[in-house]
Amino acid sequence: MKLKIRRLQSTDIGGVAKLLKEFHNETPNEYPVMDNDEIERQLLAIISTINDPRVLYLVAFDGKKMIGWFFGEVMTRVFGRPRVFGLARELYVVPGKRGRGVAKKLMESAGQFAKEAGAEVLEQLGIPGSRSQQRWEKLGFRPYMVYGWMSFDQAEKFVEVEVEQRMSA
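Going from the sequence shown to this note's numbering is simple: count from 1 and add 8.
Here you go:
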């Protein structure tokens, strides 16, 4: 394999669009919804932030074929230390190229970028219990927080119960 990793260029958008669709088809989520319209919105967001110095988009090639993708950024926390951290948002390698060090090389490049931008640690986003989270953990990430979501219909039921309990006390 002739692996080459570089920053995303505007001419790579078509290849990234294909990989994003594969990524979202492979890891379907109930929340947030990522259908074709949302993937298009994500591509527009990528195009609009491609030159942002705190955002990093990397692509991996085997020869001329795009085989992987990384999206991350350097962020500053308002409270809690470490303040500056690199956040890995998405990492995808096509199935036929997994287990060959592509993800590791993407993360090495991303880590170098984050370190040069002043980050003290790397964090990642993942879905608890998913195969993708297991892959992050193989790269050395340890889970520390889980975000949840709730629809307003569910929230209204919760609030109604809480209000009834307080009023009867």
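By construction, the Cβ of each residue, glycine as well, lies at the ideal position given by its N, Cα and C atoms. Model, not experiment: these values are computed from the prediction.
DSSP puts residue i in a beta bridge; with which residues?
| i | result |
| --- | --- |
| D70 | L11 and K73 |
| Y65 | F79 |
| Q132 | A96 |
Which two residues bound the contiguous alpha helix (DSSP H) that contains residue i?
| i | result |
| --- | --- |
| F121 | V110 to E124 |
| V24 | I21 to E34 |
| L52 | N44 to T57 |
| S140 | R139 to K146 |
Using a Cβ-Cβ distance under 9 Å, would residue i count as near chain D?
| i | result |
| --- | --- |
| K10 | The chain inventory of the structure shown lacks chain D, comprising one protein chain alone. |
Among the options, which residue has its Cα nearest to the Cα of residue i?
| i | options | result |
| --- | --- | --- |
| A118 | D60, G71, D43 and L95 | L95 |
| F31 | R150, M42 and R15 | M42 |
| L99 | R62, F121, G126 and L133 | L133 |
| L51 | V102, N37 and L27 | L27 |
| N33 | Q162, S140 and W144 | S140 |
| V102 | A68, E145 and T84 | A68 |
| M158 | G23, E38 and I13 | E38 |
| A125 | T84, R143 and P136 | T84 |
| F149 | M115, I21, P61 and F160 | M115 |
| V198 | A53, G104, I135 and P36 | An answer regarding residue 198 cannot be provided, because it is not within the stretch 9 to 177 covered by the chain. |
When DSSP labels each residue in this structure, what does residue i get in the three-state scheme?
| i | result |
| --- | --- |
| R97 | strand |
Count the other C-beta atoms from every protein chain shown that fall within 10 angstroms of the C-beta of residue i, then say buried if there are 16 or more, exposed otherwise.
| i | result |
| --- | --- |
| A122 | buried |
| V110 | buried |
| M153 | exposed |
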